[in-house]
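Data block below; observations after.
2 protein chains.
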Amino acid sequence: MSHDLIKNTLLGRLGNPMLNRLDDSAVFDINGRLAFTTDSYVVSPLFFPGGDIGKLAVCGTVNDLSMAGAEPLYLSLSLIIEEGFSLDQLERVIRSVQEAAAEAGVTVVTGDTKVVNRGAADSLFINTAGVGIVPADLDVSSSGARIGDKVILSGPIGDHGIALISQRERLTFESPVESDCAPLNTLVKEVLQTTPHIHCLRDPTRGGLASTLNEFAESSGVGVRIKEDKLPIKKTVLATCELMGFDPLYIANEGKLVAVVDSRDAEAVLQKIRENPYGREAEIIGEIVEDHSGRVIMETRLGTSRIIDLLSGELLPRIC
Amino acid sequence: MSHDLIKNTLLGRLGNPMLNRLDDSAVFDINGRLAFTTDSYVVSPLFFPGGDIGKLAVCGTVNDLSMAGAEPLYLSLSLIIEEGFSLDQLERVIRSVQEAAAEAGVTVVTGDTKVVNRGAADSLFINTAGVGIVPADLDVSSSGARIGDKVILSGPIGDHGIALISQRERLTFESPVESDCAPLNTLVKEVLQTTPHIHCLRDPTRGGLASTLNEFAESSGVGVRIKEDKLPIKKTVLATCELMGFDPLYIANEGKLVAVVDSRDAEAVLQKIRENPYGREAEIIGEIVEDHSGRVIMETRLGTSRIIDLLSGELLPRIC
Chain V
35 MSHDLIKNTL
45 LGRLGNPMLN
55 RLDDSAVFDI
65 NGRLAFTTDS
75 YVVSPLFFPG
85 GDIGKLAVCG
95 TVNDLSMAGA
105 EPLYLSLSLI
115 IEEGFSLDQL
125 ERVIRSVQEA
135 AAEAGVTVVT
145 GDTKVVNRGA
155 ADSLFINTAG
165 VGIVPADLDV
175 SSSGARIGDK
185 VILSGPIGDH
195 GIALISQRER
205 LTFESPVESD
215 CAPLNTLVKE
225 VLQTTPHIHC
235 LRDPTRGGLA
245 STLNEFAESS
255 GVGVRIKEDK
265 LPIKKTVLAT
275 CELMGFDPLY
285 IANEGKLVAV
295 VDSRDAEAVL
305 QKIRENPYGR
315 EAEIIGEIVE
325 DHSGRVIMET
335 RLGTSRIIDL
345 LSGELLPRIC
Chain L
35 MSHDLIKNTL
45 LGRLGNPMLN
55 RLDDSAVFDI
65 NGRLAFTTDS
75 YVVSPLFFPG
85 GDIGKLAVCG
95 TVNDLSMAGA
105 EPLYLSLSLI
115 IEEGFSLDQL
125 ERVIRSVQEA
135 AAEAGVTVVT
145 GDTKVVNRGA
155 ADSLFINTAG
165 VGIVPADLDV
175 SSSGARIGDK
185 VILSGPIGDH
195 GIALISQRER
205 LTFESPVESD
215 CAPLNTLVKE
225 VLQTTPHIHC
235 LRDPTRGGLA
245 STLNEFAESS
255 GVGVRIKEDK
265 LPIKKTVLAT
275 CELMGFDPLY
285 IANEGKLVAV
295 VDSRDAEAVL
305 QKIRENPYGR
315 EAEIIGEIVE
325 DHSGRVIMET
335 RLGTSRIIDL
345 LSGELLPRIC
């Protein structure tokens, strides 16, 4: 079955000269600084408003590479399939992989499939690893934030997590929340072309915006100060969070980025982000400060200050 | 839990400057031809004579890179952990990862952990992807075999599969079979230094020696002819195969290689392989022929000829 599955479903959709060789490794020329990343996807349900595990697996890895400033080039795709999993659903997932890879301009060059006995895995897990090229003079890292820098968020938070949880809990809304799952490599490229003074870049996935900002604060040894009234959040997302007792700051996103930028360039970067389809609702949400080093503080709408802690434990399991 | 797990268990054992940054991507300089590969490991049981899932995950990916002629450099490590999985066992697995990586001279530079609810995965799955550098003038591929070439096997077949199945079925032997799980990068390097005329190189894992030889025959458009009396097989492995109705040609190996070599260099390569601890029992097992293109034929001990077909379906599930 594995052999046929590979030949028909996988190569049929994803085939290219490198993958078609079916050698154990893909081989290609590279010169420069390589970014290398991996993620396993165990999202449940597999299909959700705005995406599925296949789209997520491509976008997640493309975005991890992009946040290192890299141009994503090649992906690996490894499937762990539960015996009895529907071939139709597998086809749908592979079609999503194909579409997302095409949009991001990346190629799946190597892969693996394992079938496990019924009950040994929940339907389908996917691992994607990826490689990309980082421009020679670039240095973005979560440790690069400097006092006075501005913090830019590319759009409303919480969509992915709330889309998932709504699907799981069978909540219905007048305007259903869709996952923001999207490849951000073009957006990142445009940002990096605007100014060399991008100090940190990260996609706030698991653990949400709060975790990303805490990483910046901790790694850079600075304080982060954000304003609640600047945070873009969709009404339905906010309402669902209130209903279910979630804080949107901790909800996963799969198509957003947070950039820490030299204050002189912040407006130009903001405008550039807003010109991209995935960045229309971008905002400058705060700044890097000398006070409360290692901590994130939010000025609330009420004018008070609130510490935004790193969450211990996972808020929503199997969100990606 | 994830956060502590990463900081203590994973970084404690595997820590290095790149991994410790905990950025989403590792970044390093590369110049040349890159080999890139991935494999997910779902082996059951996790611990078996001669290895465990951690050692297997490192060796498997190191070997996939090596078979492209690459020097393996960097690995990613992604864990899917079932909720409630023992931390002690996880520590043992990570220790094996550490030891195998040290022996192979590779570094784990990026990773991911996902915890799924109880029952959604069977204990622990691991994905490793890897990158390595291929010497500029090298061209090994399963399509490179030429008429007259010799086929060299680096040692006895079937040890990994039989070690696994014996553990599962609780068979006991006077001399228990251990998995041959081992990193072959040094052996490959030595082989490639002996002669530039290595045409194919592959590790006969899932599907065993039979599948590897069939790949060579099909991809190269040649016939492969092997001699049964030249095949190294341990007595206990042979006995277990007879007992359980398996053909050792189809049993997985995790520390063996098959090389197709220009006949003029075959003896020199054989001697070189035998000097390596993982190749002491190497043999020239056959040759590439013009007849029966695309097929593998074995001359049996009885003097008859037998077609060695590609196996349809998986003989032993979750062997790696």
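Quick note, the sequences are listed as chains V and L, same order. Position 56 of the first sequence, counting from 1, maps to 90 under the working numbering, and the rest follow consecutively. Position 236 of the second sequence, counting from 1, maps to 270 under the working numbering, and the rest follow consecutively. Virtual Cβ for every residue (Gly too), placed ideally from N, Cα, C.
- Assignment of V:F250 by DSSP, reduced to helix, strand and coil, places it in the helix class.
- Identification of residues in the segment 64-79 of chain L having a C-beta nearer than 9 Å to some C-beta of chain V yields I64, N65, G66, R67, L68, A69, F70, T71, T72, D73, S74, Y75, V76, S78, given in sequence order.
- From the beta-carbon of V:P351, the residues of chain L found nearer than 8 Å are V149, V150, N151.
- Note on L:F207: under 16 other CB atoms within 10 angstroms of its CB, so exposed under the neighbour-count rule.
- Residues of the segment 114-137 of chain L with a C-beta less than 7 Å from any C-beta of chain V: I114, listed in chain order.
- For V:C215, no alpha helix (DSSP H) encloses it, and the DSSP letter there is neither H nor E.
- Around the Cβ of L:I64, a 10 Å sphere holds 16 or more other Cβ atoms; the residue is buried.
- In the pairwise beta carbon analysis, the segment 40-50 of chain L is classified as not touching the segment 135-145 of chain V: fewer than three pairs are separated by under 8 Å.
- Here DSSP, grouped into helix, strand and coil, assigns V:I341 to strand.
- Taking 8 Å as the threshold, the shortest C-beta distance from V:V165 to chain L falls below it.
- Look at the segment 252-285 of chain L and you find these whole runs of alpha helix (DSSP H), each 4 residues long or longer: 269-278.
- Scanning its chain for C-beta atoms nearer than 6 Å, with the 5 sequence neighbours on each side dropped, one finds around V:G182 the residues S297, in chain order.
- In this structure, the beta-carbon distance from L:I191 to L:I285 falls below 8 Å.
- Here DSSP, grouped into helix, strand and coil, assigns L:H326 to coil.
- Below the 9 Å Cβ cutoff, chain V contributes no neighbours of L:G289, its closest Cβ being approximately 15 Å away.
- Beta-bridge partners of V:K148 (DSSP): V:I114.
- The continuous stretches of alpha helix (DSSP H) do not include V:C354, and DSSP gives it neither H nor E.
- Counting C-beta atoms within 10 angstroms of its own C-beta, V:D98 has 16 or more neighbours from the protein chains shown and is therefore classed as buried.
- Counting only runs that start and end inside the segment 163-239 of chain V, the alpha helix (DSSP H) elements of at least 4 residues fall at 193-203, 219-228.
- At a cut-off of 8 Å between beta-carbon atoms, V:R180 makes no contact with chain L.
- Residue range 60-75 is occupied by the beta strand (DSSP E) that includes L:T71.
- At least one CB atom of chain L sits nearer than 8 Å to the CB of V:A104.
- Chain V has a Cβ within less than 8 Å of the Cβ of L:G145.
- When the five nearest sequence neighbours on each side are left out, the beta carbons in the same chain lying within less than 7 Å of the beta carbon of V:I307 are those of I186, S188, L221, V225, G313, A316, in order along the chain.
- The continuous alpha helix (DSSP H) containing L:V303 extends over residues 300-309.
- Scanning V:G257, V:L283, V:V256 for the CA closest to the CA of V:K268 turns up V:L283.
- Burial is judged here by how many other beta carbons sit within 10 angstroms of a residue's own beta carbon; V:N287 has at least 16 and is buried.
- With respect to the 8 Å criterion, L:F159 and L:V76 are classified as neighbours on the basis of their beta carbons.
- As a beta-bridge residue in DSSP terms, V:L158 pairs with V:I115.
- Taking C-beta atoms as the reference points, V:G103 and V:L235 count as a pair closer than 8 Å.
- Listed by position along chain L, the residues whose Cβ is nearer than 8 Å to that of V:A154 are V76, S78, A155, D156, R352.
- The C-beta of L:M101 comes closer than 8 Å to at least one C-beta of chain V.
- Using beta-carbon distances, V:V142 does not count as an interface residue toward chain L, since no partner is under 8 Å.
- Looking at the DSSP output, V:I318 bridges to V:I186.
- Between the alpha carbons of V:E137 and V:P217 lies a distance of about 8 Å.
- With respect to chain L, the C-beta atom of V:D86 has no partner C-beta closer than 8 Å.
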